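S.K.: Quick note: the sequence shown, position 101, residue 101 per full-length UniProt numbering, numbers continuous.
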Amino acid sequence: MKEYADERRNARECNIGIGDQVLVTNLRKENKLTTNIYTVVGKKGNRLVVVDPNGVRHSRNASQVKLYHSPGDNKDDKVVPDGERELDKEGVPDPEPSVAVQQRPRRSTRTTQRAEYVYKL
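Below is the structure:
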């Protein structure tokens with residue numbers, strides 16, 4: 001029964017642990033563009049205890065918290081400057097892959113049946 005309910009609600013485990021840096025939803029809407037990075041110091045179930053940079057502790061639900069990824073953490077992203085492409089074994093640059101533009105699916109329509117009738121006067 002629980003598995004069915006979790007599947008219907010798209011429930012998933014919280015992957016935030018103690019010591020992680022997180023972003024917390026801004027409950028005060030007076031300055032919505034500021035982002036403060038908090039540190040998790042405690043966890044019990046869905047409740048997380050976070051500390052802001054000033055040292056103030058806040059208790060929040062895990063749904064109000066998002067894991068923070070610093071800009072330098074993207075190890076998988078490989079930036080290739082313009083004019084430089086990967087070379088194959090012979091030193092010849094690989095051809096750029098062609099991107100096929102897919103068309104949107106079209107709705108199939110039938111001709112109307114009324115067009116086939118002959119009217120008698």
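All C-beta atoms in this analysis are idealised placements derived from N, C-alpha and C, irrespective of residue type, glycine included.
Bear in mind the structure is a predicted one, so any value in this text is a computation, not a measurement.
What did DSSP end up calling K32 once you bin it into helix, strand or coil?
M.R.: Counting from one through the sequence shown, the residue named residue 32 turns up at place 32. The answer is coil: DSSP assigns K32 none of H, G, I, E or B.
S.K.: Rounded to the nearest angstrom, what separates V51 and V40 at their Cα positions?
M.R.: In the sequence shown, the residue the question calls residue 51 occupies position 51. In the sequence shown, the residue the question calls residue 40 occupies position 40. So the alpha carbons of these two residues sit roughly 6 Å apart.
S.K.: Using a Cβ distance threshold of 8 Å, determine whether the stretch 61–70 contacts the stretch 101–109, with at least three qualifying pairs required.
M.R.: At 8 Å Cβ cutoff, the stretches do not touch.
S.K.: For T25, which residues in the same chain have their Cβ closer than 7 Å to its Cβ, ignoring the five residues on either side in sequence?
M.R.: The residue labelled residue 25 in the question sits at position 25 within the sequence shown. Cβ within range, chain order: Q64.
S.K.: Over what stretch of residues does the alpha helix (DSSP H) that includes R47 continue unbroken?
M.R.: Translated into the one-based positions of the sequence shown, residue 47 becomes position 47. Note, R47: premise wrong, no alpha helix (DSSP H); beta strand (DSSP E) at 47–51.
S.K.: Which stretch, first to last residue, makes up the beta strand (DSSP E) that contains K66?
M.R.: The count along the sequence shown starts at 1 and reaches residue 66 at position 66. Note, K66: beta strand (DSSP E), 65–67.
S.K.: Classify Y4: buried if its beta carbon has 16 or more other beta carbons within 10 angstroms, exposed otherwise.
M.R.: By 1-based counting over the sequence shown, the position of residue 4 is 4. It is exposed - the Cβ of Y4 has fewer than 16 other Cβ atoms within 10 Å.
S.K.: Under three-state DSSP, which class holds R114?
M.R.: Numbered from its first residue, the sequence shown carries residue 114 at position 114. R114: helix per DSSP, three-state reduction.
S.K.: Terminal residues of the continuous alpha helix (DSSP H) containing N120?
M.R.: Along the sequence shown, read from residue 1 onward, the residue named residue 120 stands at position 120. Note on identity: in this sequence residue 120 is Lys, with Asn being the wrong assignment. Looking at the DSSP string, K120 is not in any alpha helix (DSSP H), and its letter there is neither H nor E.
S.K.: Tell me whether R8 sits in a helix, a strand or coil according to DSSP, three-state version.
M.R.: Here residue 8 refers to the residue found at position 8 when the sequence shown is read from its first residue. DSSP places R8 in helix when its eight states are reduced to three.
S.K.: G42 by DSSP, collapsed to three states: which one?
M.R.: Position 42 of the sequence shown, counting from 1, holds the residue named residue 42. DSSP places G42 in strand when its eight states are reduced to three.
S.K.: Taking DSSP's pairing of strands, which residues face S59 in a bridge?
M.R.: On the sequence shown, residue 59 is found 59 positions in, with the first residue counted as 1. The partner list for S59 (beta bridge, DSSP) reads V49.
S.K.: Give me the Cα-Cα distance between H58 and K2, rounded to the nearest whole angstrom.
M.R.: As a working mapping, residue 58 is identified with position 58 in the sequence shown. As a working mapping, residue 2 is identified with position 2 in the sequence shown. Distance between the alpha carbons of H58 and K2 is about 30 Å.
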